[in-house]
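Quick notes on the structure that follows.
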Amino acid sequence: MYRIGIDFGGTNIAVGLTDENLRVLFKSSMPTGMGKRPVEGMVADMATQCRALAEKAGVSLKEIESIGIASPGVVNAEKGIVEYYCGMDLRNYPMAHILSEKLGGYRPIYMENDANAAAYGEVLAGAAKGAENALMITLGTGVGGGIVIGGKIYDGFNFAAAELGHVVIEKDGVPCACEKYSSATGLIRMTREKMEECQESLMWQISPTLEEVNGRTAYTAAKKGDEAALAVVKKYQDYLAVGLANMVNIFQPEVLCIGGGICGEGDYLLQPVNEQVMAEQYAKTTPRKTRLVIAALGNDAGIVGAAALGK
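Printed below as a string of structure tokens:
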């Protein structure tokens with residue numbers, strides 16, 4: 132039984148064909164071209180990749196059990212519509228229907244918000260596998276969130292739930308463009324500010340100009356004992372821990388996954404954040420506590436979750 136999952140991202144449109152166990156067998160990717168062309172061209176690319184992957188697997192589209200799309204924005208999963216996505220100013224765009232037309236009337240096509248789909252993928256085949264109740268937080272340009280309750284994606288009554296990056300952790304703080312404290316963008320901002328303040332910091336050797344600063348700059352210098360970098364890392368992890376503790380206290384999930392490039396720091400990130408989250412969570416004296424883990428599927432989470440929408 133084959134399924135296809137489409138991860139419609141800001142940079143790339145990634146498409147994967149999975150087997151009945153949601154293992155990605157074949158995968159392809161095309162640049163999204165966001166802001167440079169109409170969305171219809173992007174959907175046409177989705178169709179092209181779907182056909183190519185089916186051909187690569189040696190099957191016809193009729194033999195594909197279902198196709199799922201993971202899209203940013205407010206996604207009406209019942210109607211297959213992107214109700215709103217600010218990145219392209221999409222409003223009530225019938226993406227599932229248009230993809231179906233470009234695939235010769237293929238059905239069924241499912242849709243879900245991209246972060247929700249990634250969380251679903253981790254629950255079905257990743258770090259939260261087997262959990263009935265789980266959350267996923269993705270730390271990228273912004274902060275994405277996905278919620279699974281009772282084994283099902285929680286969308287809210289208006290399909291706009293799980294925007295966990297929009298939780299306020301600093302009143303009157305930096306204006307949001309998605310989230311400026313726990314995201315990679317927030318880490319980069321804090322790193323640059325500290326570098327301007329501390330001209331002798333080792334961070335300047337790692338990133339000679341402010342334009343070259345990335346999410347690894349402070350962590351690399353901190354591991355070498357640089358005081359300014361250590362201060363940046365602690366501040367960043369404090370903000371992240373506050374946000375995660377709030378999520379734990381609201382939902383008490385079995386598993387809370389965190390994903391994104393910054394998670395490449397492994398235990399150097401996870402251990403101190405976990406200690407803070409456990410100290411601040413309401414149920415710390417109970418025998419069953421939320422497990423904080425690093426997501427396992429990486430860039431395939433959205434593909435796997437989208438492919439599983441028809442299960």
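In case it helps, the working numbering puts the sequence shown at residues 132 to 442.
Built from N, CA and C at the ideal position, the CB exists for glycine as well.
Per DSSP, the beta bridge partners of Cys388 are Met267 and Val424. By the CB criterion at 8 Å, Gly199 and Gly395 fall outside the cutoff.
Taking a contact to require three or more Cβ pairs closer than 8 Å, the stretch 202-210 and the stretch 242-254 qualify as touching. Within its own chain, the residues whose Cβ lies closer than 7 Å to the Cβ of Ile319, once the five positions on either side in sequence are excluded, are Val344, Asn345 and Gly346, listed in chain order. In this structure, the alpha-carbon of Gly141 lies about 17 Å from that of Glu214. With a threshold of 16 other beta carbon atoms within 10 Å, Lys354 falls short and is exposed. Taken in chain order, the whole alpha helix (DSSP H) runs of length 4 or more contained in the stretch 289-355 are 315-328, 334-337 and 348-353. When the beta-carbon positions are compared, Ala185 and Leu230 stay at least 8 Å from each other. Distance check between Ala292 and each of Glu358, Leu371, Val279 and Ile300 places Val279 closest, using alpha-carbon atoms only. A distance of 8 Å or more separates the beta carbons of Val435 and Leu148. Beta bridge pairing from DSSP links Ser159 with Val146. Judged by their CB atoms, Tyr367 and Tyr399 are not nearer to each other than the 8 Å cut-off.
The C-beta of Ile381 has fewer than 16 other C-beta atoms within 10 Å across all chains shown, which makes the residue exposed.
DSSP places Tyr413 outside any alpha helix (DSSP H), giving it a letter other than H or E. Pairing Asn289 with Val146, the inter-Cα distance amounts to about 27 Å.
Sequence-distant Cβ neighbours of Ala250 in its own chain, meaning closer than 6 Å and more than five residues away, are Met267, Gly277 and Val279. For Asn380, the enclosing alpha helix (DSSP H) stretches over residues Glu358 to Phe382. Excluding the 5 residues flanking it on each side, Cys388 has same chain C-beta neighbours closer than 6 Å at Glu253, Ala258, Ala259, Met267, Val424 and Ala426, in chain order. Residue pairing for Ile284: DSSP places it in a beta bridge opposite Val279. Segment contact: the stretch 368-376 against the stretch 312-329, three or more CB-CB distances shorter than 8 Å; contact assigned. Beta-bridge partners of Ala201 (DSSP): Asp138 and Glu243.
Put simply, of Tyr224, Ser191, Ala188 and Asn377 the residue whose alpha carbon is nearest the alpha carbon of Gly204 is Tyr224.
Each residue's CA atom was taken as its position, placing Gln330 and Gly281 some 51 Å apart. For Leu221, the secondary structure class from DSSP, reduced to helix, strand or coil, is strand.
Within its own chain, the residues whose Cβ lies closer than 7 Å to the Cβ of Glu196, once the five positions on either side in sequence are excluded, are Met132, Tyr133, Arg134 and Gly441, listed in chain order. Less than 8 Å separates the beta-carbon of Val379 from that of Thr421.
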